[in-house]
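In the numbering used here, the protein residues as written are 1 to 443.
Here the structure comes first, spelled out in structure tokens, and everything after it is commentary.
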Amino acid sequence: MVSLGCPKALVDSERILTRLRADGYAMSPDYAGADVVLVNTCGFLDSAKEESLEAIGEAIAENGRVIVTGCMGEEADVIRARFPEVLAVTGAHQYEQVVEAVHEAAPAAQGPFVDLIPQPDVKLTPRHYSYLKISEGCNHSCAFCIIPRLRGKLASRRIDAVLREAEKLVAAGTKELLVISQDTSAYGVDIRHEERMWQGHPVRAHMTDLARELGGLRTPEGEVPWVRLHYVYPYPHVDAVIPLMAEGLLTPYLDIPFQHASPKVLKAMKRPANEARVLERIRQWRAIAPDLTIRSSFVVGFPGETEDDFRYLLNWLEEAQLDRVGAFRFEPVEGAAANALPDPVPEAVKEERYARIMEVTERISAAKLQPKVGRTLPVVIDEVGEADDDGDIGATARSQADAPEIDGNVFLRNVPPSLRPGDIVPVTIEDSDAHDLYGVIAA
Ligand code: SF4
């Protein structure tokens, strides 16, 4: 399995592999040992599509027997035109079809016990954190995005199924759950927030019920697992989860993809939950949960973005003091409505704005990390290094403000050799820079 793209695609890969393993297949660590190679593609941006095509080409060159799935599967003709030898092409979350294609390409040697022994689900992330996908697809139609076309309308999972999966993951050693979807705040809208019984009481398929129930989980050691909410849009009910963060039941972290701040650009982007009171609400959230970390992403150079719009965004960022920001230069995606908008921003201007937004957000990030020096914070260990010549062992960790892969790290010195990935330990912060913290385990 070659898995490309976002955490949602990674969850798809895990599901496909879980099914295949139940059917008696094993995973190969390299091309040479595989009877067939599955490439789970990403088709979000043209650059991602090119990367997907390159991955397919590599798998064909290295192995020759290739099945393509994922977001780029919607463009089967493009794939077949370039690689006529691919065995099958299936689309995003078409689990049955992809499993069937594997059965055809490489029939499994069924052992007598294969169907009888329940196996744990396949995970492609380390054991101590897991992505929890609560829905597929999206009901919005942001002008720059083709996800609804690739992945369809919002389709929420049953709340009891989501909670059962979360409970199982935590019982199996997950210390940190990352709730993902295309629009977490809209969870359950498509199924009218249907109620299901969970541990003797009714719960609705709704973000606030989900957050409350996840906040009630405990690890086998009796600790509260970290629960992070990603892809949250600032609908009014987001206010209801902030007190859970203040109580320590939910990780004080919100990933809100604002994408812009200028009302004119947001309107042209057709962004959901685009409302003027956001700055005031961020202030209120921080008053309730002072350690709240807000991560977001922004697009610069969207068609029609003027210097004034861009300055509005920079001023807004100065006000909002977001903790973690990713910025992207607008890139037209084939099939996106934004491509037809007038007044494209020249590449050189995009570059210049990108450099300016990075400068501002790095400065804000550094200023927000600096006051953490001297504090003692819980961190989760991701990796423990080898001892250096002096016998000093370092470790890479994350605080509650850092989601894996996308945010910063806490780098530790002098850790005991007994430390393991997944351990949550208190750390005294000794230093900071623009994105990361440095510290030592608290005495
Ligand atoms: S909310 Fe907008 S950007 Fe996000 S998946 Fe839906 S259409 Fe795309």
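All C-beta atoms in this analysis are idealised placements derived from N, C-alpha and C, irrespective of residue type, glycine included.
(message) Helix, strand or coil, according to DSSP, for tyrosine 131 in the structure here?
(response) strand
(message) Only counting the same chain, and skipping five residues up and downstream in sequence, which positions put a Cβ closer than 8 Å to that of glycine 70?
(response) Leu4, Gly5, Ala9, Asp12, Val39, Asn40, Thr41, Cys42, Gly43, Ser52, Gly91 and Ala92
(message) Taking 9 Å as the threshold (C-beta atoms), are proline 234 and threonine 293 in contact?
(response) no
(request) Can you grab the Cα-Cα spacing for the pair aspartate 209 / tryptophan 198, in whole Å? (result) 11 Å
(message) Spatial neighbours of threonine 376 within its chain, please: C-beta separation below 7 Å, excluding the five flanking residues on both sides.
(response) Pro426, Val427, Thr428 and Ala442
(request) List the whole-angstrom C-beta distance separating leucine 254 from leucine 229, where the pair is believed to meet the contact cut-off of C-beta under 8 Å. (result) 6 Å
(message) Does serine 47 pass the burial test, meaning 16 or more other C-beta atoms within 10 Å, or should it be called exposed?
(response) exposed
(message) Mapping the DSSP letters down to three states, classify glutamine 259 as helix, strand or coil.
(response) strand
(request) To the nearest angstrom, report how far apart glutamate 136 and histidine 206 are at their CA atoms. (result) 15 Å
(request) Could you have a look at arginine 283 and say whether DSSP puts it in helix, strand or coil? (result) helix
(message) Just verifying my parser: in three-state terms, what is the DSSP assignment at proline 112?
(response) Note that proline 112 scores a pLDDT of 42, beneath 50, so its modelled location is shaky and nothing firm can be said.
(request) Mark proline 303 as exposed unless 16 or more other C-beta atoms lie within 10 angstroms of its C-beta, in which case mark it buried. (result) buried
(message) Do isoleucine 364 and alanine 327 count as a contact pair if the criterion is CB distance below 9 Å?
(response) no
(request) List in chain order the residues whose CB is within less than 6 Å of at least one heavy atom of the ligand ATP. (result) With respect to the ligand ATP, the structure shown offers nothing to examine, as its ligands consist of the ligand SF4.
(message) Can you tell me whether arginine 65 is helix, strand or coil according to DSSP?
(response) coil
(request) Determine the closest residue to proline 148 out of Gly374, Gly408 and Ala336, with distance taken between C-alpha atoms. (result) Ala336
(message) Going by DSSP in three states, isoleucine 117 sits in which element: helix, strand or coil?
(response) Because the pLDDT of isoleucine 117 is 48, which lies under 50, any placement of that residue in the model is unreliable, and the number read from its coordinates should be weighed accordingly. Isoleucine 117 falls in the coil class under three-state DSSP.
(request) Would you kindly report the start and end of the unbroken alpha helix (DSSP H) that includes alanine 431? (result) The question names alanine, but residue 431 in the sequence shown is aspartate. Careful: aspartate 431 lies outside any alpha helix (DSSP H), inside the beta strand (DSSP E) at 424-432.
(request) Would you list the one or two residues that DSSP bridges to phenylalanine 328? (result) Val299
(message) I'd like the list of long-range same chain contacts for proline 272, defined as Cβ closer than 6 Å, with 5 residues on each side in sequence excluded.
(response) His140 and Tyr233
(request) Could you check the C-alpha separation between alanine 397 and glutamate 386 for me, to the nearest Å? (result) 15 Å
(request) Quick one: grab the DSSP three-state call for glutamate 165. (result) helix
(message) To the nearest angstrom, how far is the alpha carbon of leucine 317 from that of glutamine 259?
(response) 11 Å
(request) Mark histidine 128 as exposed unless 16 or more other C-beta atoms lie within 10 angstroms of its C-beta, in which case mark it buried. (result) buried
(message) Just verifying my parser: in three-state terms, what is the DSSP assignment at histidine 93?
(response) coil
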